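Numbering (full-length UniProt numbering), first residue to last: 1 to 255. Data first, discussion second: the structure below is written as structure tokens.
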């Protein structure tokens, strides 16, 4: 079996789970909350903002990119590798004509496809929210302002790259532990620790702690180090992907 066949198999397994619904709901949470806030209080938006369209895109993406996207990555990177544990099908997977490399990479690629779906859905819901805001507060004339597409693209790329390290770590733990509560609990605890370190204590350790990387785009102090942290995230991701595969390779059919 080649890698594409293995990936197709993983995608078919995913369609039988609630993963896609979780992805779409997670992407919608931030924009929906913001729209509800605007409905309750129109002053939620600064009418004096010179570029309200891009300002709204920034606010909405910070809500999803800095808070909800990391939590989604922790959940999905842990839960998807758990499918075989829940269905007791590891024996069948290892007995199938697939190499362990293909199985491992197909599962990892499946996770990343859902991450990309989350980002695409986030921008779609952001646009719908801005349409709603324009109806609620037409004096803003949102669509008379040009959208900075380059900034939108860069923000999305940064959000994705900065979480590659966390994704690799959580993916490894999802494969390693039979009980999904353990890796999710560890992931949430590390995410909370990393967020507090970056936002509250402004510790220098955040430059080396992957669970703090999501805070860099929204921090004035840390934003200047985005390029360095993006490379650090890539290196961490590669390292933990290798460690995760070596651990996975040791598995036997009986497991």
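Cβ atoms here follow ideal geometry from the backbone N, Cα and C, with glycine treated the same way. The structure presented is a predicted model; accordingly, all values stated were derived computationally and were not measured.
### Task
Measure the beta-carbon distance from residue 74 to residue 184 and round it to whole angstroms, keeping in mind my assumption that it falls under 8 Å.
As a first step, residue 74 is located in the chain shown; it is residue number 74 there, counting from the start. As a first step, residue 184 is located in the chain shown; it is residue number 184 there, counting from the start. About 7 Å separates the two Cβ atoms, so the contact holds.
### Query
Given residue 48, which residues of its chain have a CB within under 8 Å of its CB, disregarding the five upstream and five downstream residues?
As a working mapping, residue 48 is identified with position 48 in the chain shown. Caution is warranted here: a pLDDT of 47 is assigned to residue 48, below 50, making its placement in the model unreliable, and no coordinate value can be reported.
### Message
My output table needs one value for residue 82: the three-state DSSP class, helix, strand or coil.
### Response
By 1-based counting over the chain shown, the position of residue 82 is 82. Helix.
### Task
Would you check if there are 3 or more beta carbon pairs closer than 8 Å linking the stretch 159-176 to the stretch 237-247?
yes
### Query
Grouping DSSP H, G and I as helix and E and B as strand, with all else coil, what is residue 161?
The residue labelled residue 161 in the question sits at position 161 within the chain shown. DSSP places residue 161 in helix when its eight states are reduced to three.
### Task
Note down, in chain order, each residue of its chain lying with its Cβ closer than 7 Å to the Cβ of residue 111, except the 5 sequence neighbours on either side.
Translated into the one-based positions of the chain shown, residue 111 becomes position 111. Answer for residue 111: 76, 77, 80, 167, 171, listed in chain order.
### Query
For residue 186, which residues from the same chain have a beta carbon less than 7 Å from its beta carbon, with the 5 sequence-adjacent residues on both sides left out?
The sequence position of residue 186 within the chain shown is 186, counting from 1. For residue 186, where only same-chain residues beyond five positions count, the Cβ hits under 7 Å are 173.
### Task
Could you tell me which of 227, 237, 222, 213 sits nearest to residue 69, measuring between CA atoms?
The residue given as residue 69 occupies position 69 in the chain shown. Nearest of 227, 237, 222, 213 to residue 69, Cα basis: 213.
### Query
Ordered along the chain, which non-local residues of its own chain (more than five positions away) have a Cβ less than 6 Å from that of residue 35?
Position 35 of the chain shown, counted from the start, is the residue given in the question as residue 35. Counting only Cβ-Cβ distances below 6 Å, and skipping sequence neighbours, we find 129, 132.
### C-alpha distance - residue 201 paired with residue 29, whole-angstrom precision
In the chain shown, the residue the question calls residue 201 occupies position 201. In the chain shown, the residue the question calls residue 29 occupies position 29. Those two C-alpha atoms are separated by around 28 Å.
### Message
If you reduce the DSSP assignment to three classes, tell me which class residue 72 lands in.
### Response
Mapped onto the chain shown, residue 72 falls at position 72. Three-state DSSP puts residue 72 in a helix.
### Task
Take every Cβ of the stretch 133-151, pair it with every Cβ of the stretch 88-96, and state whether three or more of those distances are shorter than 8 Å.
no
### Task
On a CA-only basis, which of 106, 194, 55 is nearest residue 12? Give me that one, please.
Residue 12 sits at position 12 when you count from the first residue of the chain shown. Selected option, being the one with the closest Cα: 106.
### Message
On the DSSP letters alone, give me the boundaries of the alpha helix (DSSP H) that residue 183 sits inside.
### Response
By one-based count along the chain shown, residue 183 stands at place 183. Segment 181-199, the alpha helix (DSSP H) holding residue 183.
### Query
Skipping 5 residues on each side, what residues in its chain have a beta carbon closer than 8 Å to that of residue 230?
For the purposes of this step, residue 230 is identified with residue 230 of the chain shown, where counting begins at 1. Closer than 8 Å at Cβ, skipping near neighbours: 158, 161, 162.
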